[in-house]
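Novice: Residue numbers (full-length UniProt numbering), protein chains in the order written: chain S, 1 to 157; chain X, 1 to 157. For glycine and all other residues, C-beta sits at the position ideal for the given N, C-alpha and C.
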DNA sequence: CCGCATCCAACGTGATACTG
DNA sequence: CAGTATCACGTTGGATGCGG
């Protein structure tokens with residue numbers, strides 16, 4: 001989910017038209033034009049799918065404490081299954097966000113750590129967490145309000 | 001996926017223990033302690049699920065251009081089905097990220113626009129997009145490298 | 001200790017058709 | 001125009017058991 005418009009069409013396997021302009025005006029004066037749409041859209045969507053799954057960011061944040069072994073991670077990331085930890089780590093490793101170091105001893109010893117770009121990722125995501133922290137009261141309020149008026153749509157004239 | 005550890009357990013419906021500390025050291029000196037884990041962990045995960053789905057951010061970015069009607073949105077967000085646009089908008093509306101204004105005329109006229117907190121969200125996510133933009137070359141390279149050595153694990157001693 | 005393979009249930013999503 | 005309802009499908013993720 002990220003300014004896609006093409007990415008999922010490609011994924012879906014239908015056609016591949018690519019057009020349209022896209023401009024964004026954030027509160028920081030952030031402005032992205034069609035450049036952002038074409039260049040970032042597909043990639044942004046793609047990367048978010050990678051990093052936006054159920055466990056990736058959890059693992060990344062855990063690794064931001066420092067390198068960890070497989071079992072340490074499994075303990076730290078409560079609730080993750082062995083399978084999903086493996087799958088998640090493979091994905092992160094493939095994208096160069098996590099580095100895996102294996103020591104061929106018996107029993108096996110494998111360490112995982114964040115790469116420099118993985119470390120930067122932690123920073124950008126932290127700003128999102130900051131947003132959550134700043135606004136979850138409002139979000140809760142909004143939800144309560146929404147759920148309260150459920151069925152009786154507020155009509156504005 | 002966001003420092004959860006409890007959220008999904010709750011969602012899964014098993015037990016609900018809640019313990020452990022969580023500290024994060026980003027490259028910005030960002031540091032979150034167990035506070036972050038309990039206060040943000042569940043919420044962060046929860047909100048990311050909300051905002052991290054297939055369409056939400058796409059819709060949010062589209063709305064950052066300005067208010068739009070349902071059909072305008074459907075046109076702008078290429079590939080989205082009517083159903084998913086409805087579902088996505090409902091979710092965003094419930095969380096107070098999008099405001100819906102309905103004019104009871106015939107034919108119906110409904111407008112969607114970003115709330116102030118929705119607007120701020122655009123800013124935080126833009127920083128993530130910036131990360132993608134800064135690093136997708138490296139990510140591509142990492143993937144190529146990873147796929148190339150597939151099957152022949154690099155062993156580090 | 002670390003990980004892969006298999007099976008299966010749940011959820012998200014899309015297609016289609018119908019309504020005020 | 002702006003939805004709702006129903007169905008069907010693919011992907012995700014959990015459980016389990018085996019292997020180096």
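Tell me which residue opens and which closes the alpha helix (DSSP H) that residue 115(S) is part of.
Specialist: Where residue 115(S) is concerned, there is no enclosing alpha helix (DSSP H), given that its DSSP letter is neither H nor E.
Novice: Three-state secondary structure (DSSP) at residue 84(S)?
Specialist: helix
Novice: Quick one: list the residues of chain X neighbouring residue 73(S), beta-carbon separation under 7 Å, in chain order.
Specialist: Correct list: empty, because the minimum Cβ distance to chain X is about 12 Å.
Novice: Nearest chain X C-beta to residue 176(S) closer than 8 Å, yes or no?
Specialist: Within the shown structure, residues of chain S are numbered from 1 to 157, placing residue 176(S) beyond reach of any answer.
Novice: Could you tell me the boundaries of the beta strand (DSSP E) in which residue 106(X) lies?
Specialist: From DSSP, residue 106(X) is part of no beta strand (DSSP E); its letter is neither H nor E.
Novice: Just the chain S side, please: which residues come within less than 7 Å of residue 135(X) by C-beta, in chain order?
Specialist: 117
Novice: How is residue 77(X) classed by DSSP in three states: helix, strand or coil?
Specialist: Here residue 77(X) sits in coil by DSSP.
Novice: Output, in chain order, the set of chain X residues within a Cβ distance shorter than 7 Å of residue 146(S).
Specialist: 93 and 94
Novice: In the DSSP assignment, the alpha helix (DSSP H) including residue 56(X) goes from what residue to what residue?
Specialist: 56-63
Novice: Which residues in chain X have a C-beta closer than 7 Å to the C-beta of residue 138(S)? List them in chain order.
Specialist: 96 and 117
Novice: Which partner residues does residue 99(S) have in the DSSP bridge list?
Specialist: 113(S)
Novice: Any beta carbon of chain S sitting closer than 8 Å to that of residue 124(X)?
Specialist: Yes, contact with chain S.
Novice: Kindly indicate which residue of 94(X), 131(X), 149(X) and 109(X) has the alpha-carbon position closest to the one of residue 147(S).
Specialist: Checked all of 94(X), 131(X), 149(X) and 109(X); the closest Cα to residue 147(S) is 94(X).
Novice: Does residue 149(X) come out as helix, strand or coil in the three-state DSSP assignment?
Specialist: coil
Novice: Does residue 127(S) have its Cβ less than 8 Å from a Cβ in chain X?
Specialist: yes
Novice: What separation, rounded to the nearest whole angstrom, lies between the Cα atoms of residue 122(X) and residue 61(X)?
Specialist: 7 Å
Novice: Taking the C-alpha atoms as reference points, what is the distance between residue 144(S) and residue 70(X)?
Specialist: 24 Å
Novice: Could you pull out every residue in the same chain whose Cβ sits closer than 6 Å to the Cβ of residue 101(X), ignoring the five residues on either side in sequence?
Specialist: 111
Novice: For residue 120(S), which residues does DSSP report across the bridge?
Specialist: Answer by DSSP bridge pairing: none, since residue 120(S) is not bridged.
Novice: Can you find a C-beta in chain X that's less than 8 Å from the C-beta of residue 89(S)?
Specialist: For residue 89(S), no CB of chain X lies under 8 Å from its own CB, so it is not counted at the interface with that chain.
Novice: Let's test the definition: count the other Cβ atoms within 10 Å of the Cβ of residue 66(X) and tell me whether it reaches 16, buried, or not, exposed.
Specialist: exposed
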